[in-house]
Structure formats: C-alpha cells, structure tokens
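**Student:** Before anything else, here's the structure in question.
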Amino acid sequence: GESVGLHLPTLSVQEGDNSIINCAYSNSASDYFIWYKQESGKGPQFIIDIRSNMDKRQGQRVTVLLNKTVKHLSLQIAATQPGDSAVYFCAETLMDTGRRALTFGSGTRLQVQP
Amino acid sequence: SQTIHQWPATLVQPVGSPLSLECTVEGTSNPNLYWYRQAAGRGLQLLFYSVGIGQISSEVPQNLSASRPQDRQFILSSKKLLLSDSGFYLCAWRRPLKKETQYFGPGTRLLVL
Numbered sequence: 004g005e006s007v008g009l010h011l012p013t014l015s016v017q018e019g020d021n022s023i024i025n026c027a028y029s030n031s032a033s034d035y036f037i038w039y040k041q042e043s044g045k046g047p048q049f050i051i052d053i054r055s056n057m058d059k060r061q062g063q064r065v066t067v068l069l070n071k072t073v074k075h076l077s078l079q080i081a082a083t084q085p086g087d088s089a090v091y092f093c094a095e096t097l098m099d100t101g102r103r104a105l106t107f108g109s110g111t112r113l114q115v116q117p
Numbered sequence: 003s004q005t006i007h008q009w010p011a012t013l014v015q016p017v018g019s020p021l022s023l024e025c026t027v028e029g030t031s032n033p034n035l036y037w038y039r040q041a042a043g044r045g046l047q048l049l050f051y052s053v054g055i056g057q058i059s060s061e062v063p064q065n066l067s068a069s070r071p072q073d074r075q076f077i078l079s080s081k082k083l084l085l086s087d088s089g090f091y092l093c094a095w096r097r098p099l100k101k102e103t104q105y106f107g108p109g110t111r112l113l114v115l
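So the protein sequences, as listed, match chains W and Y.
Position one of the first sequence corresponds to residue 4 (the numbering used here), numbered consecutively onward.
Position one of the second sequence corresponds to residue 3 (the numbering used here), numbered consecutively onward.
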C-alpha cells in the first residue's frame with residue numbers, strides 16, 4: 004500500500020480509549036483550519052473544520068480545539084476504533100486570499116490496538 | 003452529489019518520458035481545482051491551482067505543468083520526467099465563494115525509474 008507516514012510521529016492507543024492528535028500551525032493570520040484523515044493509498048478525507056472565531060467545535064465522535072494564542076490545534080477522537088487507524092493532517096488557510104490554498108502539517112499516524 | 007476522479011491510479015514511467023495525469027470533477031460548476039504532491043512520509047505540497055478554465059497558478063518551480071481545458075478537468079503534465087517526480091499526486095476541488103474545505107480525489111501513485 005501507500006507508504007505515507009514512514010517517518011511520521013505515531014500515536015498508539017487502545018481500542019475504546021480517547022485519542023488526542025496535536026498540530027502546531029505556522030501562520031498566525033490563518034483563520035480557517037481543517038483536519039483530514041488519510042488511509043493508506045487513498046486521498047485525504049475531510050473530518051472536521053473550525054474557523055478562527057471559535058475555539059471548539061464538535062462532530063460525531065470528534066472534537067477540534069483551537070488555541071490561537073499558541074497557534075495550536077488538536078483533534079480529539081472519542082472511543083477510538085480500529086477503523087480510525089490512519090494518518091491525520093491538520094491544514095490551515097487564510098480565507099481572504101485569491102488562491103484559497105491549504106497549508107498542511109506534516110501529519111501524525113494513529114495506530115489503534117485491538 | 004459531487005465526485006472527483008483521478009487516473010491512472012498507478013503509473014510506472016522511465017526517466018525522460020512524458021507524463022499526463024487527469025482529474026475530473028462531477029456534480030459542481032466552476033470549482034477551484036488543485037494539484038498536490040505527497041512524498042513518502044511527508045505532508046502535501048501544493049503544486050498548482052486553478053480558479054477557472056485556462057487559469058493556472060504555479061506554486062513552486064518544477065518540472066511539471068498543469069492545464070485546465072474544461073471547467074471540470076485538470077491535467078498535470080511533464081515533457082520529461084525526473085526521478086524526483088516520483089510521489090503520490092492528489093487532485094482536489096473546492097466550491098468557489100463557499101467554505102474553504104477542499105475535497106480530494108483518490109490519488110495517482112507515480113514511480114519514475
């Protein structure tokens with residue numbers, strides 16, 4: 004399969020535990036943030052997003068926390084399941100620009116132990 | 003619903019050969035389109051983006067080029083591949099003037115030998 008994540012930091016958790024994946028973003032002016040999940044050999048899949056006017060947003064089993072003071076983003080996954088095993092990327096962007104491109108973090112591999 | 007397709011899924015090419023990767027989007031009009039490359043164990047690097055037919059912006063100098071001959075078609079090309087062009091190539095789309103979320107295709111794995 005795809006060799007994404009050969010040198011990535013790895014978080015190993017037990018099935019049923021909560022997972023916390025952290026990301027430090029680079030641009031203090033960024034005002035929109037996204038978490039993606041990438042399984043081996045596949046394209047990134049959108050998980051959840053948050054705008055800079057919020058510090059917390061919840062989805063189904065996932066919560067994103069944003070701390071603009073220290074430029075830190077985290078993804079919390081509740082009751083982690085084997086299907087959550089993947090590489091997780093955070094991405095940031097500045098909405099008021101023409102290119103609207105995303106800047107991605109380097110990624111974290113999540114391994115869920117049964 | 004919107005879908006994004008990429009082909010081929012996997013490609014092995016000799017150094018110096020040409021390249022053409024195709025990306026198409028269905029179910030939306032006038033999308034913003036993006037090409038990214040992902041090296042093994044790395045994050046995604048933006049290569050090109052397009053806000054409309056014939057409008058291409060390059061993010062990094064390189065051996066590749068992009069074209070958008072139709073509204074929902076985005077092509078990544080090279081005249082002569084280098085070993086360093088190997089990687090996982092991802093196409094993405096985004097609704098203009100809407101939320102910033104980009105949606106990715108399944109990717110093309112390119113191996114240059």
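By construction, the Cβ of each residue, glycine as well, lies at the ideal position given by its N, Cα and C atoms.
1) Name, please, each residue of chain Y whose Cβ falls closer than 9 Å to the Cβ of K71 of chain W.
2) Please tell me whether V114 of chain Y and L85 of chain Y are closer than 7 Å, where the distance is taken between their beta carbons.
3) Using DSSP bridges, identify the partner residues of G54 of chain Y.
4) Helix, strand or coil for L23 of chain Y, going by three-state DSSP, please let me know.
5) How big is the Cα-Cα spacing for S67 of chain Y and A32 of chain W?
6) Is there at least one Cβ from chain Y nearer than 7 Å to F36 of chain W's Cβ?
7) Can you tell me which of Y:D87, Y:L78, Y:S88 puts its alpha carbon nearest to the alpha carbon of T26 of chain Y?
8) Within this structure, are the beta carbons of A14 of chain W and G110 of chain W separated by less than 7 Å?
9) By the 8 Å beta-carbon criterion, what residues does the stretch 44-69 of chain W contribute toward chain Y?
10) Measuring only the C-alpha atoms, how far is S29 of chain W from S52 of chain Y?
11) Secondary structure at P85 of chain W, three-state DSSP: helix, strand or coil?
12) In its own chain, which residues sit with a C-beta less than 6 Å from the C-beta of K82 of chain Y, not counting the 5 before and 5 after it?
13) Would you say Y91 of chain W and I24 of chain W are within 7 Å of each other, going by their C-beta atoms?
**Tutor:** Per the coordinate set shown:
1) Here residue 71 of chain W corresponds to residue number 68 of the first sequence, with the count starting at 1. Per Cβ cutoff of 9 Å: no residues; K71 of chain W is ~17 Å from chain Y at best.
2) Sequence index remark: in the second sequence, residue 114 of chain Y carries index 112 (1-based). Sequence index remark: in the second sequence, residue 85 of chain Y carries index 83 (1-based). Going by C-beta atoms, V114 of chain Y is nearer than 7 Å to L85 of chain Y.
3) Within the second sequence, the letter at position 52 stands for residue 54 of chain Y. Paired residue(s): Y:Q57.
4) Translated into the one-based positions of the second sequence, residue 23 of chain Y becomes position 21. Strand, per DSSP.
5) Looking up residue 67 of chain Y in the second sequence gives position 65. Looking up residue 32 of chain W in the first sequence gives position 29. Those two C-alpha atoms are separated by around 30 Å.
6) Translated into positions along the first sequence, residue 36 of chain W becomes position 33. With 7 Å as the cut-off, F36 of chain W does not count as an interface residue toward chain Y.
7) Against the second sequence, residue 26 of chain Y aligns to sequence position 24. Of the candidates Y:D87, Y:L78, Y:S88, the one whose C-alpha sits nearest the C-alpha of T26 of chain Y is Y:L78.
8) As a working mapping, residue 14 of chain W is identified with position 11 in the first sequence. As a working mapping, residue 110 of chain W is identified with position 107 in the first sequence. Checking the displayed sequence, the identity of residue 14 of chain W turns out to be Leu instead of Ala. The answer is no: Cβ separation not under 7 Å.
9) G44, K45, G46, P47, Q48, F49, D52
10) Here residue 29 of chain W corresponds to residue number 26 of the first sequence, with the count starting at 1. Here residue 52 of chain Y corresponds to residue number 50 of the second sequence, with the count starting at 1. Rounded to the nearest angstrom, the two C-alpha atoms are 24 Å apart.
11) The residue labelled residue 85 of chain W in the question sits at position 82 within the first sequence. Three-state DSSP puts P85 of chain W in a helix.
12) Looking up residue 82 of chain Y in the second sequence gives position 80. Answer for K82 of chain Y: G18, listed in chain order.
13) If you number the first sequence from 1, residue 91 of chain W lands on position 88. If you number the first sequence from 1, residue 24 of chain W lands on position 21. Cβ atoms of Y91 of chain W and I24 of chain W: closer than 7 Å.
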